[in-house]
Structures are given as C-alpha cells and as structure tokens.
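> Quick note: the sequence shown uses my numbering, first residue 44, plus one each step.
By construction, the Cβ of each residue, glycine as well, lies at the ideal position given by its N, Cα and C atoms.
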Amino acid sequence: MYKRQALSLVLLAGGGWLLYDRAIREDSGVAACKSLAAGAENGSDSTADDRLTRDEYVRMRKVFADSRYADLREHGTKLMDILWQVTQLGTDDEAVALTYLQPLTEHVSGLQSACADHGVILDLKVSD
C-alpha cells in the first residue's frame, strides 16, 4: 500500500513538474526573442566596433541552447556562434568578414521565423 502511495506521489510530482516546465515556465529561447524584439523596438545603441566578450557569448548562446524548441536552439546558437566569430576578427579582416554574410543572413532570417512561430515578431536587420 505504501509503495502505491509513494508511486502515486512521484507520478503526481512528475506530472506537476512537466506541466510547469512545458506550459507555465517561459522558455529561455522565447524570452530571448522577446528581449530582442524589445531592443529592436527601442533602437539599439550598439556599434559595429562593439566586441563581444567570451562570457557574453557563452551566456547568450546558453539562453538559446537551453530552449526546448529545436528551431530556436538551431538558429539562436548558430547566430551567436557567427556573431562571436565576426567580433573576433581584426579591423583588417573585411574580406574574411564577407564570408560570414551568407550564414549570418540565413540565421538572422531563421531566428526571425522561429521567434514568429512562437508568437514573437522580430525586426532584425543584417545591415541598415
């Protein structure tokens, strides 16, 4: 009898956690989409000379990597990887930077679509 009660309690707790995790708690990738959308609406004051630190890169990439949605994980993490690589280039590497234009465009567009699929509209631009 105690085994049955313990099993019921474990199943109830597991079901409660699953409900919280999947339905109530906001997904980290969706939260990042909302943050990006708010930043795009308010206008970003960053410049092309801004360098991404390793800690910022790791933290931003983890936000997307921890998303439960595959599309946000894929495009978000790859976009963060590309941004990290581009910010590590020297000022004399403009020709090398051009090689990142196609994947950058692909993942900006992919992230916009993924965010829209989860109810957040982004207005990200690769260039002005």
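Compute the Euclidean distance between the alpha carbons of ASP64 and GLY72, then round it to the nearest angstrom.
Taking the sequence shown and counting its residues from 1, the one referred to as residue 64 is at position 21. Taking the sequence shown and counting its residues from 1, the one referred to as residue 72 is at position 29. Reliability fails at ASP64, whose pLDDT of 47 lies under 50, so the model's placement of it is uncertain and the value that follows must be treated cautiously. Approximately 13 Å between the Cα atoms of the pair.
> I'd like to check one pair, ALA80 with LEU165: are the Cβ atoms closer than 9 Å?
As a working note, residue 165 is residue 122 in the sequence shown. As a working note, residue 80 is residue 37 in the sequence shown. In contact: LEU165 and ALA80 (Cβ atoms closer than 9 Å).
> List the whole-angstrom C-beta distance separating LEU95 from TRP127, where the pair is believed to meet the contact cut-off of C-beta under 8 Å.
As a working mapping, residue 95 is identified with position 52 in the sequence shown. As a working mapping, residue 127 is identified with position 84 in the sequence shown. Indeed, because the Cβ distance is near 6 Å, the residues count as touching under 8 Å.
> State buried or exposed for GLN155, treating a residue as buried only when at least 16 other CB atoms are found within 10 Å of its CB.
The residue given as residue 155 occupies position 112 in the sequence shown. Result: buried.
> Residues in its own chain within less than 7 Å of VAL163 by CB, not counting five upstream and five downstream?
Along the sequence shown, read from residue 1 onward, the residue named residue 163 stands at position 120. Cβ within range, chain order: VAL73, CYS76, LYS77 and ALA80.
> Indicate whether at least one CB of chain B lies closer than 9 Å to the CB of GLN128.
No chain B is part of this structure, which consists of one protein chain only.
> Can you give the Cα-Cα distance for THR134 and MET103, rounded to whole angstroms?
On the sequence shown, position 91 is the one that residue 134 refers to. On the sequence shown, position 60 is the one that residue 103 refers to. So the alpha carbons of these two residues sit roughly 24 Å apart.
> Expressed to the nearest angstrom, what Euclidean distance is found between the alpha-carbon atoms of SER106 and THR142?
Sequence index remark: in the sequence shown, residue 106 carries index 63 (1-based). Sequence index remark: in the sequence shown, residue 142 carries index 99 (1-based). The residue you asked about is not Ser; residue 106 is Val in the sequence shown. C-alpha separation (whole angstroms): 26 Å.
> Would you identify the three-state DSSP class for ASP160, choosing helix, strand or coil?
Against the sequence shown, residue 160 aligns to sequence position 117. Note: ASP160 maps to helix in three-state DSSP.
> What are the boundary residues of the alpha helix (DSSP H) that LEU141 is part of?
Within the sequence shown, the letter at position 98 stands for residue 141. First-last of the alpha helix (DSSP H) with LEU141: 137-141.
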